[in-house]
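> As they're listed, the protein sequences go chains A and B. Each residue of the first sequence is one higher than the last, beginning at 85 in our numbering. Each residue of the second sequence is one higher than the last, beginning at 85 in our numbering.
Number of protein chains: 2
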Amino acid sequence: MEAKSRYNVAIVGATGAVGQKMIDMLEHVAFPIDELRPLASKRSVGKMVTYNGRNVAIQEAKADAFEGVDIALFSAGGSVSKQLAHEAVERGAVVIDNTSAFRMHENVPLVVPEVNKEAIRDHQGIIANPNCSTIQMVGALEPVRQKYGLNRVIVSTYQSVSGSGLDAVEELKDQSQAMLDGTAVNAEILPVKSEPKHYPIAFNALPQIDTFEDNHYTFEEMKMINETKKIMGAPDLSVAATCVRLPFFYSHAESVYIEIDQDDVTVPQMQGVIQEGEGIVLQDDIVNQGYPTPLSAEGQLDIFVGRVRRDLDVPNGFHLWVVSDNLLKGAAWNSVQIAQALIEMNSDA
Amino acid sequence: MEAKSRYNVAIVGATGAVGQKMIDMLEHVAFPIDELRPLASKRSVGKMVTYNGRNVAIQEAKADAFEGVDIALFSAGGSVSKQLAHEAVERGAVVIDNTSAFRMHENVPLVVPEVNKEAIRDHQGIIANPNCSTIQMVGALEPVRQKYGLNRVIVSTYQSVSGSGLDAVEELKDQSQAMLDGTAVNAEILPVKSEPKHYPIAFNALPQIDTFEDNHYTFEEMKMINETKKIMGAPDLSVAATCVRLPFFYSHAESVYIEIDQDDVTVPQMQGVIQEGEGIVLQDDIVNQGYPTPLSAEGQLDIFVGRVRRDLDVPNGFHLWVVSDNLLKGAAWNSVQIAQALIEMNSDA
């Protein structure tokens, strides 16, 4: 990508939960944009998005829509990325892809800027944005890994419905009202829209996010396992995940157990290392009941960490509670951070 | 306690979430009751409970209310148990206590009948019913421990608001409606009524159940850790817990990681052992998206287990998802099972 003072930026999936936040984040950082080109499926053509107070018309996401585009942020599902990302690259764009389509491809950097920003330099046209639940976990753990080493991670997630898109947000609202009213509850979206069986999410918990793999793990769980190792450059790190969808709208929370390489680390030392981490806010005050929650993290860009405890039996074991807005640091904000790093590296070169 | 054909049974806390279910469960098993004596605080005196289609008037829970009582089921909070359990015992009753008041006392058996029914024989007037989140976990793990040994447990819980009583159930309803309406949300009950700070539970997750201990764990987490070791008679078992309150009404779910003493156990073998366990139902069918949820377990007496997986790195590691109705197996049903075992042992003697 040629270094410029202003860039043409396409948003693929501009009407989606993440796409809308991408536009917000570009605005938030005053990204040097010449033309913003919101793209979506045919049925959204002509609708408007608002950017810096101006209405911008949505165009159809197809190959020639990428003519003249410098940076294309994709968040319209894996099939759209598989179909159009290479078309965008062929037309000279750098793609920052927020789907799972290319994340594990060898030639595609998978980036959380606070963790492995330098990997961006190796891109061959596509840079992948990790899975939402992965980003906040590796973001929280990287300073710990750098300071004390890390050899094991076991995570149980508490994930909001917005990770399944705006339809799932509406489904939770509708089902919640129906249950409060004692009327019939329709379940059509969660846990996975394309699967045969749907369960109510309102006042419930669903231990399925994405489809099942042959090894009995869900694809979401395998994403957390594989992506964590790739981002941290730690193929031998032991990672296990159980992913659960819950009835809240925004932010994911995670109960994370880790084993580090040292036996003698205290809680204040661990808190200190986390607090110093880039993009991390420590909220851990047991005297004043201070800890992050999905509601407190909503709309925030940071990764929040609380409930830091030493394991009572394992001298190198610690427990943490990690919360972040899944649409922001977990998706749109991380993508825009990658775009910022990309143009920064461009001007270095 | 003298063996009889019918018993006088007191319910302390008869108007509470658990007390009401205790009466339901006594009815459900046609417990041989001569007189049912529902007890509660002064302000509930004169209110009625329904038992076998008859109205029974609530009396005040005070020392002389236990005259003539054979079995007293307590579920009115730890302070009431501390004040009145010994009064009941002095008057000849056996107390089955559903609070944390006596659980860790050396002379008080802590019982999940499927796990350690024989401990009941050692009682000295008081038998303790474990914490709700502990019961379902040890119930699910005991058959595994017996077959393969067990040396490590790490649990992250997903707990319903009814564990904090009927006020918390109402709070979740009210807050949910207020959030859906976009009106002001009041938080006065959760996470802990007596603590200074309250957070909304509707569309949120609170990583605090009960008060904090000096070691940064909550009392709920320490209950799970200590009670599990006591019930299983396994003081050296490594147990770690993170307890989280969530916006659903009934049932607790748990993401449980275990390490057993064998390296070569397969998923079907593990499923088979769990399925054979008393009071356990295996619901684990990844082909048909089969797994338990809080809503599916509501009103059921069993412990439901799904999502059985081998850890991908640790050869003796397994992950499970355990769900049960916290007011039933987690409280009222387990207490009534203890009462049943007690009178059974009486007639043996």
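In this text, a Cβ means the ideal position worked out from N, Cα and C, and glycines have one as well.
Quick one: is threonine 326 of chain A near chain B, going by C-beta distance under 8 Å?
yes
> Would you mind telling me which residues of chain B sit closer than 8 Å to valine 392 of chain A, beta carbon to beta carbon, in chain order?
His300
> Could one say the Cβ of isoleucine 370 of chain B lies closer than 8 Å to chain A's Cβ atoms, at least one of them?
yes
> If you compare alpha carbons, which of B:Val113, B:His112, B:Ser125, B:Asn191 is closest to glycine 100 of chain B?
B:Ser125
> For a cutoff of 8 Å on Cβ pairs, would you count tryptophan 405 of chain B as touching chain A?
For tryptophan 405 of chain B, a Cβ of chain A is located within less than 8 Å of the residue's own Cβ.
> Along chain B, which residues have their Cβ under 7 Å away from the Cβ of asparagine 288 of chain A?
Phe332, Thr377, Pro378, Leu379
> Check the Cβ-Cβ distances between valine 398 of chain A and every residue of chain B, and say whether any is below 8 Å.
yes
> Nearest-angstrom Cα distance between serine 322 of chain B and alanine 149 of chain A?
58 Å
> For tyrosine 341 of chain B, name the three-state secondary structure that DSSP assigns.
strand
> Using 8 Å as the Cβ pair cut-off and three pairs as the minimum, do the stretch 278-294 of chain B and the stretch 313-332 of chain B touch?
yes
> How many Å lie between isoleucine 342 of chain A and alanine 94 of chain B at the Cα?
Straight-line Cα distance between these residues: approximately 47 Å.
> Going along the chain, which residues of the stretch 331-352 of chain A sit with their C-beta nearer than 8 Å to a C-beta in chain B?
Those residues of the stretch 331-352 of chain A that come within reach of chain B (Cβ to Cβ, closer than 8 Å) are Pro331, Phe332, Phe333, Ala337, Ser339, Tyr341, Val351.
> How would you list, in chain order, the residues of chain A whose beta-carbon sits under 8 Å from the beta-carbon of leucine 225 of chain B?
In chain order: nothing, as chain A lies at least about 16 Å away.
> Which chain A residues sit within Cβ distance under 9 Å of aspartate 395 of chain B?
Ile238, Ser322, Ala324
> So what does DSSP say about asparagine 299 of chain A, is it helix, strand or coil?
coil
> Mind checking which residues open and close the alpha helix (DSSP H) that includes threonine 227 of chain A?
Position check: residue 227 of chain A holds proline in this sequence, whereas threonine was assumed. Residues 216-232.
> Who are the near neighbours of valine 398 of chain B in its chain, counting only those whose CB is closer than 8 Å to its CB and skipping five residues on each side?
Glu343
> May I have the straight-line CA-CA distance separating glutamate 360 of chain B from glutamate 382 of chain B, to the nearest angstrom?
22 Å
> Measuring alpha carbon to alpha carbon, tell me which of A:Val245, A:Gly266, A:Ala262, A:Thr267 ends up nearest valine 276 of chain A.
A:Val245
> Would glycine 103 of chain B be called buried (16 or more neighbouring beta carbons within 10 Å of its own) or exposed?
buried
> Whole angstroms are fine: how far does the CA of aspartate 395 of chain B sit from the CA of histidine 112 of chain A?
42 Å
> Grab the span of the beta strand (DSSP E) containing proline 122 of chain A for me, first residue to last.
117-124
> At a CB-CB cut-off below 8 Å, which residues of chain B make contact with isoleucine 309 of chain A?
Those are Leu396, listed as they occur along chain B.
> Answer with buried or exposed for threonine 302 of chain B, where buried requires no fewer than 16 other C-beta atoms within 10 angstroms of its C-beta.
buried
> Applying the criterion that 16 or more other CB atoms from any shown protein chain within 10 Å of the CB defines a buried residue, is alanine 98 of chain A buried or exposed?
buried
> Exposed or buried, which one is valine 129 of chain A when buried takes at least 16 other CB atoms within 10 Å?
Exposed is the call here.
> Would you call the stretch 363-381 of chain B and the stretch 254-263 of chain B touching, i.e. three or more CB-CB distances under 8 Å?
No, the stretch 363-381 of chain B does not touch the stretch 254-263 of chain B.
> What does DSSP give as the partner residue(s) for alanine 325 of chain B in the beta ladder?
B:Val239
> Shorter than 8 Å from the beta carbon of leucine 264 of chain B to some beta carbon of chain A?
yes
> Step through the CB atoms of chain A and report whether any lies within less than 8 Å of the CB of phenylalanine 296 of chain B.
yes
> At a cut of 8 Å, does the stretch 178-187 of chain B reach the stretch 412-430 of chain B through at least three beta carbon pairs?
Three or more beta-carbon pairs drawn from the stretch 178-187 of chain B and the stretch 412-430 of chain B are found closer than 8 Å, and the two stretches are therefore classed as touching.
> State the beta-bridge partners of glutamate 144 of chain B as determined by DSSP.
DSSP links glutamate 144 of chain B through a beta bridge to B:Ala124.
> Taking the alpha carbon of glutamate 190 of chain B as the reference point, which residue from B:Val349, B:Ile315, B:Ala325, B:Glu362 has its own alpha carbon closest?
The shortest C-alpha separation from glutamate 190 of chain B is found at B:Ile315.
> Could you check which residue in B:Val164, B:Thr241, B:Gly356, B:Gln353 has the C-alpha nearest to that of methionine 308 of chain B?
B:Thr241
> I'd like to know whether the C-beta of tyrosine 242 of chain B is nearer than 8 Å to at least one C-beta of chain D.
In the displayed structure, chain D is absent; the protein chains listed are A and B.
> Could you check which residue in B:Ala337, B:Asn136, B:Ile210 has the C-alpha nearest to that of isoleucine 117 of chain B?
B:Asn136
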